[in-house]
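Student: Quick one: the structure is below, and I'll ask about it shortly.
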């Protein structure tokens with residue numbers, strides 16, 4: 002390729018390589034121009050399906066990440082005699098590091114593998130880290146999902162078999178009305194910006210529901226400021242209005258959801274609240290057998306669902322021949338939302354009843370009267386042929402703003418139900434799935450069911466994370482108590498499908514449910530912005546037992562940068578940057594699929610590793626080989642894979658399965674896809690094809706995939722799924738009802754410990770309901786009247802970019818944004834120093850008046866504040882002098898309450914961290930107080946191997962050999 | 425008017441304020457002909473550096489009728505640029521062939537007259553090289569025959585995820601920029617200064633849905649199939665409230 006580096010001379014060595022960005026989790030295709038070994042330019046790859054040539058502020062600043070002075074370049078060991086947190090390190094060799102880790106982990110694995118815990122941040126390699134943990138045999142593995150957006154994943158997947166972001170999204174190409182609720186600017190980043198712009202230019206109407214008007218909300222046609230944590234009330238009122246007026250898509254609900262299925266309402270039956278089945282054989286597989294009943298309007302009799310010629314009632318109550326009273330589940334939904342009127346919701350949400358009604362009418366009428374008919378023939382799972390694909394062009398998107406509340410699971414169930422009532426699931430103009438979704442409800446993966454799944458020198462007897470379908474799928478001991486350190490899949494958080502990383506350190510420190518020996522943290526800043534209750538978590542990391550040993554005896558941290566977390570490590574492993582390594586965005590993890598078919602992609606190094614940096618993938622392959630974990634060694638115990646690229650090519654999920662990390666160019670000559678023998682030239686083929694593999698499904702397989710026979714059989718043939726059964730929408734969740742029956746003592750299987758019965762009974766409601774967030778229930782709302790939330794700036798990703806010389810000029814420190822009327826009530830002027838205080842702690846920061854926030858909410862940009870010296874910033878840097886972290890105000894545990902003393906501050910269904918539940922008050926700082934953020938932390942020194950000199954100024958110019 | 429005048433048109437209706445234009449400009453230009461672009465205190469207090477393009481965010485109106493406006497700003501390549509005549513050395517000049525306003529670093533003495541003359545604050549002094557710097561419309565990209573034609577555009581235009589930045593000849597009525605200005609109410613900043621900025625902005629535009637009351641009821645209302653019709657609330661007014669016959 003010809004160079005675009007305009008100042009190149011003939012002597013210059015110019016290389017242009019494609020790879021995948023990693024300045025956030027979006028994973029855009031990038032083209033990197035390297036001049037004389039230094040990065041000249043990073044641009045969006047125009048031939049990449051995800052970003053189509055565009056790039057964001059973060060992606061364009063990759064140069065300053067590559068050459069950041071915060072980069073770790075050598076393995077480090079905590080200096081003997083120094084304390085954790087002080088950041089005193091000495092360099093060691095990789096061989097010493099590997100020997101040390103291998104000895105320690107081999108001993109743990111031979112005795113009690115669960116004493117090793119592996120927790121990772123937003124790493125994009127969960128398929129490999131999860132495999133390593135499983136092979137090691139520890140259940141104590143999770144990535145960041147539990148403190149990110151697990152409610153979105155679980156709430157949607159347990160309802161429609163798919164979810165937003167990687168696994169599905171709004172079809173803005175065809176939508177006419179788009180409703181965005183509580184979305185931060187980075188989920189999903191460039192594709193959302195591309196689509197939003199096209200949507201607006203095509204005349205679509207964009208409504209944003211958010212306490213704050215920033216970013217995407219700025220260009221909304223209408224902004225509806227809502228009080229945080231009340232989205233559920235709004236959604237239930239919208240459902241109320243849509244059912245009241247008959248604005249739902251009846252045909253869609255009848256055919257494709259369980260709305261018409263009859264629920265047993267005999268209170269004396271052990272089947273109370275369960276669907277009535279025609280026959281009750283042992284049900285195998287993780288799908289819904291089609292053995293439930295409708296009440297047919299034509300014959301006025303119960304019939305098997307989808308019976309030819311049948312048309313069921315959605316409303317009414319009936320008695321079976323044996324007298325059993327039954328109702329269609331839609332009737333139960335109508336009863337549920339009866340009192341959730343717009344007037345009721347107005348008092349909770351702050352949005353007027355008239356506006357809620359109008360929004361419901363806009364949704365219902367747009368869906369009903371602007372139908373799309375695509376001339377695409379398809380066959381449904383019951384064999385019925387359709388000449389067209391229908392679409393109702395109302396699309397939704399939501400993310401963490403809705404998810405990060407303790408009532409988020411039911412809120413997101415309500416949203417999924419609203420989307421279904423409008424008939425918008427996997428249809429043009431509505432929500433569209435992305436492979437490998439849709440999946441059965443719930444998906445098939447399961448954890449072990451008890452402590453016997455954890456055995457010395459043995460891989461874990463199941464997945465570390467799974468999708469419980471009933472109480473027997475929980476991961477608990479005979480007393481019903483947790484097996485996992487974070488208590489996921491216990492009765493406290495039964496559907497904690499992404500784990501509870503936010504409680505891992507606290508639990509390990511307390512030794513509840515048990516103490517551990519070694520914790521390996523990859524790319525997660527658990528001593529700062531990824532921790533709730535940051536100040537005390539930092540103390541826990543350095544707290545000691547009476548015998549002088551740390552309560553968490555050994556802490557290994559792998560990161561590319563000197564974060565706040567590295568200071569607490571006993572051993573630091575320097576990771577590479579994204580420009581220096583191989584990586585896969587795998588179908589086994591979270592690929593970058595498009596609506597029209599599966600897509601996966603790779604990173605290929607454009608630069609050699611800096612210093613002694615080693616990709617974490619290579620570290621895992623090395624450790625797996627040394628520990629002789631089965632998949633990493635041959636039968637004779639010898640090392641199986643040369644390195645990570647070799648592993649990616651040759652690893653198969655089972656010998657001969659033909660399924661590996663990459664779906665493209667499989668088979669000996671690259672002639673197969675999804676499934677096929679390893680291809681020794683697979684990396685080259687990705688490199689030649691923009692680092693991406695995109696399979697376009699036939700058009701007849703691109704829609705209605707929950708029920709599309711052609712698609713389901715295609716997915717089964719290509720082993721995306723084991724079953725080709727229809728995936729009906731769970732308007733009414735029998736899965737939740739099973740847990741409730743257990744809590745009520747009505748079922749035969751496992752039952753919760755008595756202290757948790759009421760909790761499970763309350764929150765495992767088969768229909769969505771609104772409840773006030775748990776912290777608000779347990780705090781003094783008169784003293785702490787305000788909600789406090791964070792937003793993500795588009796130019797920063799979590800804490801990653803404060804070491805970036807260009808991006809930190811955009812956000813060097815943050816303010817607390819307060820509505821002027823709220824501020825003035827406290828006598829607080831613009832730019833005043835104030836205290837913001839919750840029941841858990843307080844922070845001194847600067848206030849900024851903003852008319853773009855509802856008066857009951859205060860907010861700030863997430864993770865701009867830094868601890869002194871971290872990220873190798875100067876002690877006087879804005880980030881630690883004026884920047885602040887809201888995390889100090891948020892607890893990882895609830896105040897003691899009737900359910901117990903150490904419950905996580907999380908959703909009681911999923912364990913989702915309830916970041917946005919915190920209630921605060923604000924008041925002016927005293928005139929005599931220092932104009933400096935509080936709390937302050939002792940500065941840590943620059944780690945050995947980081948750049949020692951912070952220049953007074955710099956001027957980047959690629960290609961002169963000054964930077965590489 | 426017949427001469428070419430290259431310019432940007434920035435669509436405020438779709439700009440989400442992501443700053444892609446800000447840093448893509450910097451990464452292209454710092455190692456390009458207009459570079460370098462220095463950064464002071466890059467890892468210290470109050471970091472500040474040279475940018476040819478910045479995004480400012482404004483709040484308009486009072487809650488709840490607040491608009492948040494993201495406003496990208498760079499040199500507007502005025503047709504009558506006040507920065508040119510004030511330059512004592514001739515360093516600040518406007519190109520005849522395409523209307524781009526540039527600074528010749530070899531002639532610039534860093535006197536800052538031009539930045540005082542610019543009513544838009546679009547120029548930045550490089551304190552280390554002691555020369556005035558500004559947007560060049562990526563003049564070292566847009567004529568580069570080594571680039572595919574689709575990529576001969578300023579870095580900010582290629583980067584912009586919402587394609588809020590359009591690039592072309594505002595004197596050519598057939599160009600994408602002229603059409604956008606004509607059809608979408610494109611406007612210039614502070615026309616009263618008579619600088620005739622070549623770059624234009626497109627205003628916010630709102631899409632609404634009009635619902636007619638009779639659209640709420642339909643003969644095929646699905647509730648009919650449930651032996652139910654939509655019922656008015658019992659407490660809603662009726663004749664019973666007002667008359668007893």
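Protein chains in written order, with the numbering used here: chain A, 2 to 965; chain B, 425 to 669.
Note that the Cβ used here is the ideal one computed from N, Cα and C, for glycine as well.
1. I'd like to know if residue 667 of chain B contacts chain A, where contact means its C-beta is closer than 8 Å to some C-beta of that chain.
2. Grab me the residues of residue 386 of chain A's own chain with a C-beta within less than 6 Å of its C-beta, minus the 5 sequence neighbours each way, in chain order.
3. Would DSSP call residue 191 of chain A helix, strand or coil?
4. Are the C-beta atoms of residue 633 of chain B and some chain A residue less than 8 Å apart?
5. Residue 38 of chain A to residue 905 of chain A, Cα distance in whole Å?
6. Start and end of the alpha helix (DSSP H) containing residue 885 of chain A?
7. Which residues in the same chain as residue 649 of chain B place their Cβ atom closer than 7 Å to its Cβ, once the five residues preceding and following it in sequence are excluded?
8. Run the CB neighbour count on residue 512 of chain A, radius 10 Å, all protein chains shown included, and call it buried at 16 or more, exposed below.
9. Do residue 463 of chain A and residue 447 of chain A have their beta-carbon atoms positioned less than 8 Å apart in this structure?
10. Chain A partners of residue 690 of chain B, CB-CB under 7 Å?
11. With distances taken from CA atoms, which of B/605, B/634, B/489 and B/553 is nearest residue 420 of chain B?
12. Note down, in chain order, all residues in the region 685-704 of chain A with a beta-carbon under 7 Å from any beta-carbon belonging to chain B.
13. Using a C-beta to C-beta distance shorter than 8 Å, which residues of chain B count as neighbours of residue 324 of chain A?
14. Under 8 Å, do residue 447 of chain B and residue 58 of chain A count as touching if we go by C-beta distance?
15. Which residues in chain A sit within 8 Å of residue 438 of chain B, going by Cβ to Cβ distance?
16. For a test of the three-state rule: what should DSSP assign to residue 848 of chain A, helix, strand or coil?
17. Select from A/490, A/293 and A/864 the residue whose C-alpha is nearest the C-alpha of residue 147 of chain A.
18. When you compare only the Cα positions, how much space is there between residue 416 of chain A and residue 748 of chain A?
19. Given a threshold of 16 other Cβ atoms within 10 Å of its Cβ, counted over all protein chains shown, does residue 164 of chain A qualify as buried or as exposed?
20. Any C-beta of chain B sitting closer than 8 Å to the C-beta of residue 811 of chain A?
21. Return no unless some Cβ of chain B is closer than 8 Å to the Cβ of residue 534 of chain A.
22. Can you tell me which residues form a DSSP beta bridge with residue 90 of chain A?
23. Can you grab the Cα-Cα spacing for the pair residue 4 of chain A / residue 10 of chain A, in whole Å?
24. Quick check on DSSP: helix, strand or coil for residue 563 of chain B?
25. Does the Cβ of residue 400 of chain A have 16 or more other Cβ atoms within 10 Å, making it buried, or fewer, making it exposed?
26. Going along chain A in order, which residues have a C-beta closer than 8 Å to the C-beta of residue 476 of chain B?
27. Rounded to a whole number of angstroms, what is the C-alpha to C-alpha distance between residue 727 of chain A and residue 395 of chain A?
28. Can you list, in chain order, the residues of its chain whose CB lies under 8 Å from that of residue 356 of chain A, leaving out five sequence neighbours each side?
29. Name the two residues that bound the continuous alpha helix (DSSP H) containing residue 362 of chain A.
30. For residue 544 of chain B, which option in B/626, B/500, B/431 and B/594 has the closest C-alpha, if you only look at C-alpha atoms?
31. Please list the residues of the region 38-63 of chain A that have a C-beta atom closer than 9 Å to any C-beta atom in chain B, keeping them in chain order.
32. Is the region 824-838 of chain A close to the region 921-941 of chain A, with three or more CB pairs under 8 Å?
33. Does the beta-carbon of residue 659 of chain B have 16 or more other beta-carbons within 10 angstroms, so that it is buried, or is it exposed?
34. Should the region 860-873 of chain A be called in touch with the region 348-366 of chain A, which here means at least 3 C-beta pairs below 8 Å?
35. Give me the Cβ distance between residue 985 of chain A and residue 599 of chain A, rounded to the nearest whole Å; I'm assuming they're in contact under 8 Å.
36. Where does residue 5 of chain A fall in DSSP's three states?
Tutor: A quick look at the data gives this:
1. no
2. 380
3. helix
4. yes
5. 49 Å
6. No alpha helix (DSSP H) holds residue 885 of chain A; DSSP gives it neither H nor E.
7. none
8. exposed
9. yes
10. Residue 690 of chain B lies beyond the residue range present for chain B, which begins at 425 and ends at 669; the question has no answer from this structure.
11. Nothing in the structure corresponds to residue 420 of chain B, since chain B is present only between 425 and 669.
12. none
13. Simply none; closest approach about 22 Å.
14. yes
15. 197, 198, 201, 202 and 220
16. strand
17. A/490
18. 30 Å
19. buried
20. yes
21. no
22. A/79
23. Unreliable positioning characterises residue 4 of chain A in this predicted model, as indicated by a pLDDT of 44, which lies under 50. A coordinate reading is not provided.
24. helix
25. buried
26. Under the 8 Å cutoff, chain A gives no residues; its nearest Cβ is about 13 Å from residue 476 of chain B.
27. 24 Å
28. 225
29. 354-370
30. B/500
31. 39, 40, 41, 42, 43, 44, 45, 47, 52, 54, 55, 56, 57, 58, 59, 60, 61, 62 and 63
32. yes
33. exposed
34. no
35. In the structure as shown, chain A begins at 2 and stops at 965. Residue 985 of chain A is therefore absent and cannot be evaluated.
36. For residue 5 of chain A, the predicted model reports a pLDDT of 48, less than 50, meaning its position is unreliable; a value from the coordinates is still stated below. Of the three classes helix, strand and coil, the one that applies to residue 5 of chain A here is coil, per DSSP.
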